[in-house]
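Okay, structure first, notes after.
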Amino acid sequence: MAGITLVQAEARLAIYLDAEAKVLAGQEVRIDGEWMRRADLEMIQSGIRLWEGRVQRLTRAAAGSGVLSVKEVIPR
């Protein structure tokens, strides 16, 4: 994620959200030179999750709250 700013991540997320809305409405959209259709909805939604995560991480970093999260704890 090096070199990506919050503004860039938010712009990319907006592109994917717009693509999702258009594809759900039956339209085709073009992202990075590739045409996306209804069949590509899962890939578009995966992109949304990716960019939402990046926006959240960059927002936390900008606010100075580098919160660590624990995914699994194994008691001993």
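Residue numbers (this note's numbering): -4 to 71. Glycine included, every Cβ here is placed at the ideal spot set by N, Cα and C.
In its own chain, which residues sit with a C-beta less than 8 Å from the C-beta of Val50, not counting the 5 before and 5 after it?
Leu1, Ala4, Glu5 and Leu8
So which of Met31, Ile26 and Trp46 has the shortest CA-CA distance to Val18?
Met31
Please state the DSSP three-state secondary structure of Ile26.
strand
Using a Cβ-Cβ cutoff of less than 6 Å, which residues in the same chain neighbour Gly42 once the five nearest sequence positions on both sides are dropped?
Tyr11
Close beta carbons around Arg33, own chain, < 6 Å, minus the five adjacent residues each side:
Val18
Go ahead and label Ala14 buried or exposed: buried means 16 or more other beta carbons lie within 10 angstroms of its beta carbon, across all protein chains shown.
buried
Give me the Cα-Cα distance between Gln40 and Arg52, rounded to the nearest whole angstrom.
18 Å
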